[in-house]
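Residue numbers in the sequence shown follow the numbering used here, run continuously in steps of one, and reach 504 at the last position. By construction, the Cβ of each residue, glycine as well, lies at the ideal position given by its N, Cα and C atoms. Keep in mind the model is a prediction, meaning the values are calculated, not measured. Comments concern the structure below.
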Amino acid sequence: MTIHSIKAICCIGAGYVGGPTMAVIADRCPDIVVTVVDLNEARIAAWNDPDLNQLPVYEPGLDVVIARARGRNLYFSTAVNEAIAAADMVFISVNTPTKTKGIGAGQASDLRWVEACARQVAQYAKDHTIVIEKSTLPVRTAVAIKSILDTPQQRSEVDQDVPTFSVLSNPEFLAEGTAIRDLEQPDRVLIGGEDSNAVEALATIYRHWVPNEKILRTKLWSSELSKLTANAFLAQRISSINSVSALCEATGADVREVALAIGTDSRIGSGFLSSGPGFGGSCFKKDILNLVYLCHHFGLPEVASYWEQVVTLNKWQQNRIARLVVQRLFGTVTGKRLAILGFAFKADTNDTRDSPAIHISMDLLEEGAQLAIHDPKVDSRQIALDLKQSPSNPLSDLKGEGTWHFAIDVAEAVQGADAVLILTEWEQYQNLDWSNLAGLMRAPAWVFDTRSVIDPAQIAETGLILWRLGEGSG
Ligand code: NAD
Ligand code: UDX
């Protein structure tokens, strides 16, 4: 079998997946020209910014990889059609959010951007082109993509050659915050497809740095479904341990001890057992809801409701944290200053999509709280978008309605506050000088640690009252 040799790659979508994934491919395969394209001009300009601190995605180690490959064989561009025409392999890495209206609203994936890409590839590709589903997609999406690609197109007189296509599924398993490590040392690479020549062409690219035994080859449908299932299993573990956190609080147990005790069973394993304010991010909720939708579609309501419960429990966990903060603060937070430490959905990313901090902050704003929000990487314009309200003047008088402002550092955030809520596990929150911070707060002052970043010994003797998620008293 002669394997199609890949010289030029086009990736449509320069987001959290397209950018880092293509940067690593270009870094590891200097003989391949990789062009990442996007409709969003500002995003492409940021990827091309000489100042690597201005990259649109914050990921540890990404700047180093970009510095090595950009301008050598890695390019970022808005010239989508040209990049498609020049490529023998096209990755589709565009957003696939949950539909907000129409059939399947609230559950099904909105595939309009994927379809637009397929149409554009059909129109502008030349010769044989391997099209790769990198976006997370509902099982059997490849049928739709292939049928669009195979539809005869109107071509200009000078361009009458009809291209041919192979479609593969190659879902991405990177987690934000550890994307570069996950891409450079993946647990596995998954390639689904029936065209073995195309599968091997893609496998050859990954073999530049991934051992062959870690490259799994499966049927297309297994690959598409594995991505949704992997995310559902991971999220399910978080909801499971979060459900236990509430039980620990009610019974006097400690969820950290329970997680350790169950996680040391090799059949269970210790990963993904950190109880917290619920999972956030752009993937888990969207992908489980998509799975739920597919189960209904295929006539499996019991399977659908089984997975839906993972999302229900997650929402409950976020609401209950906001509720118990209000309860502890004498039943009202109206006009009280609360410091929110961490707004990103997890540490080491600037991404706030579906962050638990959004939901918890919204609940507290609804109760009339004055929030002072700090995050080392999220900027205040993003917080304003997420909370759907502009920042207030921090010195404004106490009013009935909830307000927020961006705090430039932790000390400013806690100044005059009745409580601190730690919502993201940033390393810098792990070693704060609590005796100093306690002096800035209004007594009786609380610290609500939803991420287990504080060692209770750090707080002893400060006069602060510590509440830790999943820690029962008595
Ligand atoms: P993103 O929103 O950060 O990026 C998507 C980009 O695609 C945007 O910049 C958008 O402008 C661009 N785009 C959309 N339609 C386009 C078109 N027709 N032509 C050119 N550009 C277009 O999304 P993301 O987080 O990178 O996720 C992309 C896909 O990868 C999703 O399906 C997601 O579920 C999946 N995924 C995400 C992660 C993650 O951690 N974020 C991990 C694994 C898989
Ligand atoms: C996830 C999957 O891990 C990744 O494989 C997939 O490609 C995309 O979706 P991501 O959402 O970037 O990645 O981050 P992840 O580390 O999975 O965390 C998701 C959420 O779960 C975060 O809010 C995180 O704080 C939370 N989480 C994670 C917990 O609350 N407890 C844990 O033990 C692990």
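Name the two residues that bound the continuous alpha helix (DSSP H) containing residue i.
i      : result
Asp93  : Leu92 to Ala99
Met471 : It is not in any alpha helix (DSSP H) - Met471 carries neither H nor E in the DSSP assignment.
Trp456 : Looking at the DSSP string, Trp456 is not in any alpha helix (DSSP H), and its letter there is neither H nor E.
Gly372 : Here Gly372 belongs to no alpha helix (DSSP H), and DSSP marks it neither H nor E.
His158 : His158 -> not in any alpha helix (DSSP H); beta strand (DSSP E) instead, spanning His158 to Glu163.
His327 : Phe314 to His327
Val444 : Val440 to Val444
Val340 : Pro331 to Arg358
Leu394 : Pro386 to Glu396
Thr194 : No alpha helix (DSSP H) holds Thr194; the beta strand (DSSP E) holding it covers Thr194 to Ser199.
Gly293 : Val285 to Gly293
Val173 : Thr171 to Leu179
What residue does the beta strand (DSSP E) around residue i start on, and which one ends it?
i      : result
Gln400 : Gln400 to His404
Val219 : Val219 to Gly222
Ser482 : Taken as a continuous stretch (DSSP letters only), Ser482 belongs to no beta strand (DSSP E), as it is neither H nor E.
Val47  : It is not in any beta strand (DSSP E) - Val47 carries neither H nor E in the DSSP assignment.
Arg247 : Ile245 to Thr248
Arg411 : Segment Ser410 to Leu417 is the alpha helix (DSSP H) holding Arg411; no beta strand (DSSP E) there.
Arg498 : Ile495 to Arg498
Thr433 : Thr433 to Phe436
Out of curiosity, what's the CA-to-CA distance linking residue i and residue j?
i      : j      : result
Asp405 : Leu371 : 6 angstroms
His34  : Ser226 : 10 angstroms
Gly308 : Val197 : 36 angstroms
Arg247 : Val47  : 21 angstroms
Ala402 : Ala437 : 6 angstroms
Thr208 : Glu214 : 10 angstroms
Arg411 : Thr433 : 15 angstroms
Leu530 : Arg211 : This structure cannot settle anything about residue 530, because the visible part of the chain is limited to 31 through 504.
Leu344 : Gln357 : In the sequence under discussion, the amino acid at residue 344 is Asn, which differs from the Leu named in the question. Their Cα atoms are separated by approximately 20 angstroms.
Lys164 : Glu431 : 44 angstroms
Val151 : Leu179 : 7 angstroms
Cys313 : Gly365 : 35 angstroms
Leu470 : Thr492 : 11 angstroms
Cys278 : Gly502 : 5 angstroms
Asp217 : Ser422 : 45 angstroms
Glu13  : Lys249 : Lying outside 31 to 504, the shown extent of the chain, residue 13 is not represented and no answer is given.
Val63  : Asn70  : 21 angstroms
Glu206 : Gln153 : 33 angstroms
Gln445 : Gln400 : 12 angstroms
Ser177 : Asp485 : 57 angstroms
Gly311 : Thr234 : 31 angstroms
Pro60  : Leu330 : 47 angstroms
Pro80  : Ala99  : 13 angstroms
Pro127 : Ala44  : 16 angstroms
Does any residue of chain B have a CB that is nearer than 8 angstroms to the CB of residue i?
i      : result
Lys316 : Any reference to chain B falls outside this structure, which holds one protein chain only.
>> Please output, in chain order, the residues near the ligand UDX using a CB cut-off of less than 5 angstroms to any non-hydrogen atom of the ligand.
In response: Phe203, Ala205, Glu206, Ile268, Phe302, Ser304, Gly306, Phe309, Gly310, Gly311, Cys313, Phe375 and Lys376
>> Quick test of the definition: if touching needs 3 or more C-beta pairs under 8 angstroms, does the region 244–261 touch the region 47–56?
In response: no
> Given 8 angstroms as the limit, is there contact between the region 376–383 and the region 343–358, that is, 3 or more CB pairs closer than that?
Replying inline: no
> Does the pairing of the region 62–76 with the region 106–119 give three or more beta-carbon distances under 8 angstroms?
Replying inline: yes
>> Tell me whether the region 455–468 and the region 281–300 touch, counting them as touching only if at least three CB pairs, one residue from each stretch, are closer than 8 angstroms.
In response: no
>> I want to know whether the region 167–186 touches the region 126–144 - three or more CB-CB distances under 8 angstroms.
In response: yes
> In the region 63–143, which residue ranges form an unbroken beta strand (DSSP E) of at least 3 residues, counting only runs that do not cross its ends?
Replying inline: 63–67, 104–107 and 119–122
>> Check whether the region 382–390 and the region 436–455 touch, using three or more Cβ-Cβ pairs below 8 angstroms as the test.
In response: yes
> Is the region 460–479 touching the region 493–502, taking contact as three or more C-beta pairs under 8 angstroms?
Replying inline: yes
>> Ignoring anything shorter than 3 residues, give me the beta strand (DSSP E) runs that lie fully in the region 238–282, in order along the chain.
In response: 245–248
> Is there contact here, the region 117–132 with the region 149–158, by at least three beta-carbon pairs under 8 angstroms?
Replying inline: yes
> Is the region 335–342 touching the region 260–279 in the sense that three or more CB pairs, one from each, lie closer than 8 angstroms?
Replying inline: yes
> Three or more C-beta pairs closer than 8 angstroms, one from the region 315–334 and one from the region 287–302: is that the case here?
Replying inline: no
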